[in-house]
């Protein structure tokens, strides 16, 4: 079956993105974006993507059925081509919800039908419209055909598909050390060679990255992909400064790397200052740092954002932003797997975001950041009370994790998996986050959900356990 060439070309253009509205591309004065920073990289050095994309991904072709989806909205179009179920049989008449601030929202009949029916692979147009505006304002990017967005079932799906596109068993991949265990769970079964780059309180250390590249070159090896979590890193809680990100990006450019910027905690950045006084809370604004994506003028950064930490993890909504040529490969993978992300989740999210507008989104982001900032302060005060004698750590400026380095304990695996569990306190051993599965003196603690009373109970139990180990 050969789908008509002109129709394929039209569908390809339509699938790239809906045209963003003027209102979504211009943030209100209250919405701040990362500041423009001047540093020199040659914008002409665009990667040759065919050298990075794996053969099986290059062989992916647009589904002729999926290609019909954007064409269904063309004026006057009558479709006998798509195998869409008849919406008259959907047993849902309305979808209403109320926010925790009392706003009562309803999907229109058209919005509900779009949510319940098969839809565009890259996302529902109203949601994409908002997301393009968000990325333009948040990352100081100019609207361009060079970069695109696709909505996915959580950012983890986008990341998994990007890894499938770029990494095979023969590859050498640069990753944070320690690294997010969920990403290691994708990478390790591939059989690729993981090169862990040491991190400090600002994340991946540039000198260690450059040294790893030089070592690889001496061995005749060329890493092509780098993975990093720059904000509130899981597990270490570290956040890279703008200057650190610039160094990392320059090295990526110098060595022709594709960068996977996994940033689910960006909107949970709150800085190192303590929780503000009551009279200062209303005027407090979350710190807005530059991203690797905002610095990218060569088309080598794919950015992964998540709604899990700021709206709801159960919605399973994330989105990837990056070079159009690479985002379209992810879309082709989706066409051949889950077709598209849940339309109902997308429609709920879109309705909420458009009700808020950019200013409302920013107000919510501030609220979320402040919430975790207060929890950080409570948790760290208790940690100083109970663990100062037994551990060292850096104060997190974003996210929900503290990375404890235990004094005098070189391997925390048995301590955490067995003894801590028996003491009724759950933590994660550092080995779970090691790219090389090495023994670790570290332990990850999360302060996101436990009440202050339970935080104290857990840290007290952990301190008692460490006291026994020390004796």
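Numbering (my numbering), first residue to last: 1 to 471.
Note that CB positions come from ideal geometry on N, CA and C, so glycine has one too.
This one's a predicted model, so the numbers in the text were calculated from it and none came from an experiment.
Would you identify the three-state DSSP class for residue i, choosing helix, strand or coil?
| i | result |
| --- | --- |
| residue 321 | strand |
| residue 176 | strand |
| residue 451 | coil |
| residue 69 | helix |
| residue 423 | coil |
| residue 113 | helix |
| residue 149 | strand |
| residue 473 | Here the chain covers residues 1 to 471 and nothing more, so residue 473 does not appear. |
| residue 464 | helix |
| residue 310 | coil |
| residue 302 | strand |
| residue 107 | coil |
| residue 203 | strand |
| residue 170 | coil |
| residue 235 | coil |
| residue 62 | coil |
| residue 282 | coil |
| residue 24 | The predicted position of residue 24 is uncertain, since its pLDDT is 37 and thus under 50; no value can be drawn from it. |
| residue 272 | coil |
Here's the rule: buried if 16 or more other CB atoms are within 10 angstroms of the residue's CB, otherwise exposed. What is residue i?
| i | result |
| --- | --- |
| residue 384 | exposed |
| residue 451 | exposed |
| residue 246 | buried |
| residue 470 | exposed |
| residue 195 | buried |
| residue 346 | buried |
| residue 91 | exposed |
| residue 262 | buried |
| residue 161 | buried |
| residue 341 | buried |
| residue 120 | buried |
| residue 464 | exposed |
| residue 75 | exposed |
| residue 318 | buried |
| residue 440 | buried |
| residue 11 | With a pLDDT of 41 at residue 11, under the threshold of 50, the modelled position of that residue is not reliable, and no figure is offered here. |
| residue 420 | buried |
| residue 331 | buried |
| residue 343 | buried |
| residue 51 | exposed |
| residue 77 | exposed |
| residue 489 | It is not possible to answer for residue 489, since the shown part of the chain is limited to 1 through 471. |
Where do the ends of the alpha helix (DSSP H) carrying residue i lie?
| i | result |
| --- | --- |
| residue 130 | 125–139 |
| residue 52 | First-last for residue 52: undefined, no H or E at that position. |
| residue 386 | 343–387 |
| residue 249 | 242–254 |
| residue 182 | 181–190 |
| residue 194 | That residue, residue 194, is in no alpha helix (DSSP H); its beta strand (DSSP E) goes 193–200. |
| residue 294 | 292–295 |
With a threshold of 7 Å (Cβ to nearest heavy atom), would residue i be considered close to the ligand NAP?
| i | result |
| --- | --- |
| residue 344 | The ligand NAP is not part of the structure shown, which contains no ligands of any sort. |
Taking the C-alpha atoms as reference points, what is the distance between residue i and residue j?
| i | j | result |
| --- | --- | --- |
| residue 62 | residue 335 | 7 Å |
| residue 66 | residue 56 | 19 Å |
| residue 423 | residue 259 | 41 Å |
| residue 294 | residue 122 | 22 Å |
| residue 434 | residue 413 | 12 Å |
| residue 460 | residue 382 | 9 Å |
| residue 89 | residue 80 | 18 Å |
| residue 124 | residue 99 | 21 Å |
| residue 372 | residue 265 | 11 Å |
| residue 329 | residue 178 | 29 Å |
| residue 37 | residue 207 | Low confidence applies here, because residue 37 scores a pLDDT of 49, under 50, leaving its location unreliable and the question unanswered by this model. |
| residue 275 | residue 197 | 32 Å |
| residue 326 | residue 388 | 47 Å |
| residue 416 | residue 149 | 40 Å |
| residue 361 | residue 394 | 30 Å |
| residue 59 | residue 192 | 21 Å |
| residue 69 | residue 251 | 41 Å |
| residue 359 | residue 101 | 15 Å |
| residue 23 | residue 83 | Low confidence applies here, because residue 23 scores a pLDDT of 38, under 50, leaving its location unreliable; read the following figure in that light. If you take the alpha carbons of residue 23 and residue 83, they lie about 35 Å apart. |
| residue 21 | residue 129 | For residue 21, the predicted model reports a pLDDT of 42, less than 50, meaning its position is unreliable; a value from the coordinates is still stated below. Each residue's alpha carbon lies about 7 Å from the other. |
| residue 462 | residue 379 | 13 Å |
| residue 54 | residue 357 | 39 Å |
Looking at the unbroken beta strand (DSSP E) that takes in residue i, where does it start and where does it end?
| i | result |
| --- | --- |
| residue 446 | 442–446 |
| residue 261 | 258–262 |
| residue 96 | 96–98 |
| residue 226 | 225–228 |
For the stretch 391–401 against the stretch 234–249, do three or more pairs of beta-carbon atoms, one drawn from each stretch, fall closer than 8 Å, so that the two count as touching?
Counting Cβ pairs under 8 Å, three or more are found: they touch.
If you pair each beta-carbon of the stretch 141–159 with each one of the stretch 303–323, do three or more pairs fall below 8 Å?
Segments in contact, yes.
Is the stretch 97–115 in contact with the stretch 128–146, if contact means three or more CB pairs nearer than 8 Å?
The stretch 97–115 is not in contact with the stretch 128–146.
How do the stretch 222–230 and the stretch 270–280 stand: do at least 3 beta-carbon pairs fall below 8 Å, yes or no?
Judged by Cβ distances under 8 Å, the stretch 222–230 makes no contact with the stretch 270–280, as fewer than three pairs qualify.
Within 8 Å, do at least three Cβ pairs link the stretch 345–353 to the stretch 101–108?
Pairwise C-beta distances place the stretch 101–108 in contact with the stretch 345–353, as three or more of them are shorter than 8 Å.
May I ask you to verify whether the stretch 315–335 touches the stretch 296–303, counting CB pairs closer than 8 Å and requiring at least 3?
Cβ pair count under 8 Å is three or more, so yes.
Any contact of the stretch 163–170 with the stretch 200–215, i.e. 3+ C-beta pairs under 8 Å?
Contact fails between the stretch 163–170 and the stretch 200–215, because fewer than three Cβ pairs, one in each stretch, are under 8 Å apart.
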